[in-house]
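Residue numbers for the sequence shown follow our numbering, so the first one is 3 and each next one is one higher.
The beta-carbon is built from N, C-alpha and C at its ideal position, and this holds for glycine as well.
All figures in this text were calculated on a predicted structure; none of them were measured in a lab.
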Amino acid sequence: MSNGVTPPVVHDALQLIAESVVDLVGFGVAAIRVLREEDSVLETVAVAGDDDARSQLLGSRIAVRSTLDDIERADRWGMLRFVPSERFVAGDGEPVWIPEIEVAPGPDAWHPMDLLMAPIYDSGELLGVLYMDVPDNGRRPDQATRELLNKYAAQAGRAVLTEVARRRLEEQVRLATAARQIVRAVGSELSVERIMEVCQPAIAQGLHVSGLWIQTFDEDGEGRSAIYTGTDSEVIMPADLVQISRDAAGLLWQAQETVVVAVDRKPPPIITAAQQTLISEFLTTLEVSSILFVPLGAGQECLGNLVLTRRGPGVEWTAIETSTALDIAQDLGRALLNARNFEREQQLVSELRELDTYRSRLIATVAHELKNPLTSILGHVEMLDAASGVPSRAQRSVAFIERGAVRMERVIEDMLTLAEVGDPNNALVAIPVDMRPLVADALDLVSLTIGRKRLAAIHEPASQPVVALGDVSDLDRVCGNLISNAVKYTPEGRSITVTLEQRAVDVVLVVADEGLGISTKDQERLFEEFFRSTNPEAVAEPGTGLGLTIVHRIIARHGGRIEVASQLGKGTTFTVFIPAASSAT
Numbered sequence: 003m004s005n006g007v008t009p010p011v012v013h014d015a016l017q018l019i020a021e022s023v024v025d026l027v028g029f030g031v032a033a034i035r036v037l038r039e040e041d042s043v044l045e046t047v048a049v050a051g052d053d054d055a056r057s058q059l060l061g062s063r064i065a066v067r068s069t070l071d072d073i074e075r076a077d078r079w080g081m082l083r084f085v086p087s088e089r090f091v092a093g094d095g096e097p098v099w100i101p102e103i104e105v106a107p108g109p110d111a112w113h114p115m116d117l118l119m120a121p122i123y124d125s126g127e128l129l130g131v132l133y134m135d136v137p138d139n140g141r142r143p144d145q146a147t148r149e150l151l152n153k154y155a156a157q158a159g160r161a162v163l164t165e166v167a168r169r170r171l172e173e174q175v176r177l178a179t180a181a182r183q184i185v186r187a188v189g190s191e192l193s194v195e196r197i198m199e200v201c202q203p204a205i206a207q208g209l210h211v212s213g214l215w216i217q218t219f220d221e222d223g224e225g226r227s228a229i230y231t232g233t234d235s236e237v238i239m240p241a242d243l244v245q246i247s248r249d250a251a252g253l254l255w256q257a258q259e260t261v262v263v264a265v266d267r268k269p270p271p272i273i274t275a276a277q278q279t280l281i282s283e284f285l286t287t288l289e290v291s292s293i294l295f296v297p298l299g300a301g302q303e304c305l306g307n308l309v310l311t312r313r314g315p316g317v318e319w320t321a322i323e324t325s326t327a328l329d330i331a332q333d334l335g336r337a338l339l340n341a342r343n344f345e346r347e348q349q350l351v352s353e354l355r356e357l358d359t360y361r362s363r364l365i366a367t368v369a370h371e372l373k374n375p376l377t378s379i380l381g382h383v384e385m386l387d388a389a390s391g392v393p394s395r396a397q398r399s400v401a402f403i404e405r406g407a408v409r410m411e412r413v414i415e416d417m418l419t420l421a422e423v424g425d426p427n428n429a430l431v432a433i434p435v436d437m438r439p440l441v442a443d444a445l446d447l448v449s450l451t452i453g454r455k456r457l458a459a460i461h462e463p464a465s466q467p468v469v470a471l472g473d474v475s476d477l478d479r480v481c482g483n484l485i486s487n488a489v490k491y492t493p494e495g496r497s498i499t500v501t502l503e504q505r506a507v508d509v510v511l512v513v514a515d516e517g518l519g520i521s522t523k524d525q526e527r528l529f530e531e532f533f534r535s536t537n538p539e540a541v542a543e544p545g546t547g548l549g550l551t552i553v554h555r556i557i558a559r560h561g562g563r564i565e566v567a568s569q570l571g572k573g574t575t576f577t578v579f580i581p582a583a584s585s586a587t
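Printed below as a string of structure tokens:
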């Protein structure tokens, strides 16, 4: 998980579902909890209805195990689960909101301790729960109400599944990036196989051995091995000896020791008599009389082993030879670690490219899939607005739906743009672009807001073309997003300033405002997807949290950079550097 915080767009969708349950179905309270996998808890992310319930429940967490226990005690009503008051058990220390209501007469009366919920599963895993409480009529839901609640439960399920999938992907993307950052830079481009191939003859000659083999270990328990005999013959080590070597290497690396194993000799302490017999039989087939077994490693990690062989009657290894062999093994271990890290980095780069492509494709697919039903929703909202005789309560719900749908439409458009500019397969086709009309158009689009807020828009158009090298629509988005943000977050009566300058290698666009400003902490995450400021005044302004991410992606794919300087309450300045088109162009 990234930070466990639900993005505003998902929060709004879940909140809208909860409000619909309250307003259209007739419940005093509705709440939605979503799984936080890192903590194995369900977090309350949306609460509608009673203000006291909202203040107590929003942001609260309950153990998944406790919720599963409630589900086991419940009656099944389609997707719904109902726990009557006599079966309800409150968990120790867990958030419980109990409404203060009078119990109506009759067997179907709603009791304050009744529990009605709709668990949301995926492949048998509990991902979220929709809760309902305090029915308006004071009665447990009848069949018609249950059927309606099941429909809202299905909607909540889709929204929760989308949120959990996003968290997992983010978390999948977050985890791959951290691994790439910690991989060491290597000083050699040699692979593990190449290192083993090159070092074997040199070690054999330097230590006067008849042969050697090197075995390396990977984290998954698998490994690679190479045997050098000084001849063209191929030698394959049996699997049981590979495992014996692995176990012995780990023990010896911890002790920083070597061990000698000789045919017809008492086994050393790290192997058993049966293992000694297997080793001796294998050595006899190679006409080897003794081996010096040396662990390979770097730091605290055992990476493999180096085995040196000798033939003939001389089976002894001097202290100098064993010490030298251990020194060589330590140097070789560091080289193998660098090579292994290099190979891992290349694999991670390939996987990250595939992940970036997949993420862009996923975002685009989700956005396209959402666009058609959203268009239908807005169309029906227009029909309801135009219809006569719609009850006032229903009109309020239609207004809620329209606001949510319009906001969702903005998010979808931003998601499609983000997928387009973030797709590594979408190559940039750069041409000379005069930035002056782009800035003028962006200012013209917000001119009504500038007039309404009585802002001073300071901009002196350049007399000569200011030509950048890039994509027209991308650069238009940069100008539009930065200038509209400046207008949006600047209070009435203040000013914004836009300057455009042609330099030798860059075109410099500066958008400065006297607005709310951005805290130092928020600046660190300013260009993250779906990030919104922690400043309540800024959060009050509508937005998707994708505008600056899109700007940052566009500038990066153009080979430029963006700088931000801001102070709370005094304003913000964004400075964009885009490569300039050459004079020849």
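In this structure, how does DSSP classify residue i when only helix, strand and coil are distinguished?
i      : result
Phe344 : helix
Arg267 : coil
Leu82  : strand
Gly126 : coil
Asp116 : coil
Val185 : Its pLDDT being 31, under 50, Val185 is placed unreliably by the model, and the measurement read from it follows with that caveat. Val185: coil per DSSP, three-state reduction.
Glu173 : At Glu173, the pLDDT of 49 sits below 50, so the modelled position is not reliable and the matter cannot be decided from this model.
Leu511 : strand
Ile103 : coil
Glu531 : coil
Gly406 : helix
Going by DSSP, what residue range makes up the alpha helix (DSSP H) through residue i?
i      : result
Thr320 : Note, Thr320: premise wrong, no alpha helix (DSSP H); not H, not E.
Asp249 : Ala241 to Ala257
Asn139 : First-last for Asn139: undefined, no H or E at that position.
Ile552 : Gly549 to Arg559
Val441 : Arg438 to Leu447
Gly482 : Val474 to Lys490
Ser68  : Val66 to Arg75
Measuring only the C-alpha atoms, how far is residue i from residue j?
i      : j      : result
Ser497 : Glu415 : 29 angstroms
Ser292 : Glu323 : 14 angstroms
Glu516 : Phe84  : 55 angstroms
Cys481 : Ala444 : 6 angstroms
Pro297 : Ile64  : 49 angstroms
Ser390 : Ala396 : 12 angstroms
Trp319 : Asp249 : 22 angstroms
Gln277 : Ala300 : 27 angstroms
Ile330 : Thr46  : 58 angstroms
Leu334 : Cys201 : 9 angstroms
Val166 : Val578 : 35 angstroms
Ser247 : Val553 : 55 angstroms
Asp77  : Glu104 : 24 angstroms
Tyr491 : Phe529 : 17 angstroms
Leu18  : Ile73  : 25 angstroms
Gly252 : Asp478 : 60 angstroms
Ile580 : Ser568 : 21 angstroms
Asp14  : Gly61  : 15 angstroms
Ala161 : His461 : 44 angstroms
Lys523 : Val31  : 35 angstroms
His113 : Tyr133 : 15 angstroms
By a C-beta neighbour count over all protein chains shown, 10 Å radius and 16 as the cutoff for buried, is residue i buried or exposed?
i      : result
Thr69  : buried
Asn139 : exposed
Thr311 : buried
Val566 : exposed
Gly495 : exposed
Glu88  : exposed
Leu294 : buried
Gln258 : exposed
Thr551 : buried
Gly108 : exposed
Just to confirm the assignment, what range does the beta strand (DSSP E) spanning residue i have?
i      : result
Leu294 : Ser292 to Ala300
Glu303 : Glu303 to Arg312
Leu502 : Ser497 to Gln504
Thr274 : First-last for Thr274: undefined, no H or E at that position.
Ala55  : Counting along the chain, Ala55 falls outside any beta strand (DSSP E), though it belongs to the alpha helix (DSSP H) covering Asp53 to Leu59.
Thr574 : Gly573 to Pro581
Open item on the list: For the structure I just gave you, are there three or more beta carbon pairs, one from the segment 302-310 and one from the segment 337-347, closer than 8 angstroms?
Closed with: With the cut-off at 8 angstroms, the segment 302-310 and the segment 337-347 touch.
TODO: Count the CB pairs spanning the segment 20-35 and the segment 152-159 that are closer than 8 angstroms, and state whether there are at least three.
DONE: Touching, per the Cβ criterion.
TODO: May I ask you to verify whether the segment 483-495 touches the segment 436-454, counting CB pairs closer than 8 angstroms and requiring at least 3?
DONE: Contact between the segment 483-495 and the segment 436-454 is present, because at least three Cβ pairs lie under 8 angstroms.
- [ ] May I ask you to verify whether the segment 428-439 touches the segment 456-467, counting CB pairs closer than 8 angstroms and requiring at least 3?
- [x] Yes: at least three Cβ pairs fall under 8 angstroms.
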